[in-house]
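Here is the structure we will look at, set down as structure tokens.
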Amino acid sequence: MSVILVTYLLYVPVSIAITIWVGRTLYRNGYRFLVDVFGGDEEMAHSVNHLLVVGFYLINLGYVALNLRVEGEYYTARAGVEVLAGKLGTVLVGVGLMHFFNLYVFSRIRARHIAPPIPPVRPDARTRVNAQPAAA
Amino acid sequence: MRALTVLYDPSCEFCRGARDWLAAQPKRIPVALVAAGSAEARALYPELDHDGTLGQLTAVDDAGNVYREEKAWLTALWATREHHALASRLSSAPMLPVARAASEWIGRNRGDLGGLIRRFHPAV
Chain A
1 MSVILVTYLL YVPVSIAITI WVGRTLYRNG YRFLVDVFGG DEEMAHSVNH
51 LLVVGFYLIN LGYVALNLRV EGEYYTARAG VEVLAGKLGT VLVGVGLMHF
101 FNLYVFSRIR ARHIAPPIPP VRPDARTRVN AQPAAA
Chain B
137 MRALTVLYDP SCEFCRGARD WLAAQPKRIP VALVAAGSAE ARALYPELDH
187 DGTLGQLTAV DDAGNVYREE KAWLTALWAT REHHALASRL SSAPMLPVAR
237 AASEWIGRNR GDLGGLIRRF HPAV
């Protein structure tokens, strides 16, 4: 078996395993987070979580597939290990960036659901308040 | 901000429709709706220019901060549960001129808008 074939056979399963591991981490921990964000609405949290994780898998597995190709010929075990390390390194960094992007999306969703304590515009003036009328 | 008072013009049909809409919205803070220029409004805010509040929508919070025109619209929207995110978006630097133009347009056309409200809410 050629060195490059061994590299491929290691690269594909390891990359997929990393993607699944990170995806499952995201799914498990993102779920609790989203339940909190959606005020205990578990169905909504499930739905949004699933949609996000499917996108995560598609982008990462697509990236793993596109990253498979190796330029040039390699015959030594050393060259094979180096190519494999380079490939897995890019996949790890790519998955990591996607993971942080997902965390950013989660925090954006959360920020939109948590009410700011002050209104978004500045007042024009101030006036004396004698009493606060009863609310409608 | 812990409470908000919106001063609406009771002589304007559109304003009364908007008042009823706001009254029916679930709110994040207590919102009181008081007729602009009324004795009640003058008693609550003795130093406010009450004649000015008839021509322009005015909102006052519990600390005495006064919001006028588009800022009053945005503050009232922000006080609702369902539309506070919209208020925040419309208050961003690029969207604020749009909110201002919309507020001015509503102010100019509030007579015609009254008929529109009546068509959809016959009870108003």
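Taken in sequence, the protein lines are chains A and B. Residues 1 to 136 (the numbering used here) are what the first sequence spells out, left to right. Residues 137 to 260 (the numbering used here) are what the second sequence spells out, left to right. All C-beta atoms, glycine included, are put in the ideal place defined by N, C-alpha and C. Computed from a predicted structure; not experimentally measured.
Coarse secondary structure for THR127(A), derived from DSSP in three states
coil
CA-to-CA distance, GLY55(A) to PHE106(A), given in whole angstroms
14 Å
DSSP three-state assignment for GLY69(A), whether helix, strand or coil
A quick correction: the sequence has Arg, not Gly, at residue 69(A). Coil, per DSSP.
Beta-carbon of MET231(B) versus every beta-carbon of chain A: anything under 8 Å?
no
Which value, in whole angstroms, describes the spacing of the CA atoms of VAL260(B) and LEU252(B)?
Here VAL260(B) scores only 48 on pLDDT, less than 50, and its place in the model should not be relied on; the value that follows carries that caveat. Cα to Cα, the separation comes out at about 11 Å.
Comparing C-alpha positions only, which one of CYS151(B), MET137(B), ASP185(B) sits nearest to GLY243(B)?
CYS151(B)
Could you check the C-alpha separation between ALA195(B) and ARG110(A) for me, to the nearest Å?
29 Å
Quick check: the Cα distance between ASN201(B) and ASP248(B), rounded to an integer number of angstroms?
31 Å
Quick check on DSSP: helix, strand or coil for TYR203(B)?
strand
Does the Cβ of ARG122(A) have 16 or more other Cβ atoms within 10 Å, making it buried, or fewer, making it exposed?
exposed
Can you tell me which of LEU58(A), ALA135(A), PRO133(A), TYR11(A) puts its alpha carbon nearest to the alpha carbon of ARG69(A)?
TYR11(A)
If you measure from the beta carbon of GLU183(B) to each beta carbon in chain A, is any gap under 8 Å?
yes
Host beta strand (DSSP E) of LEU169(B) (start-end)
167 to 171
Measure the CB-CB distance between SER15(A) and VAL91(A) and report whether it falls below 8 Å.
yes
What residues in its chain sit with their C-beta under 7 Å from that of ARG178(B), if we drop five residues either side in the sequence?
HIS186
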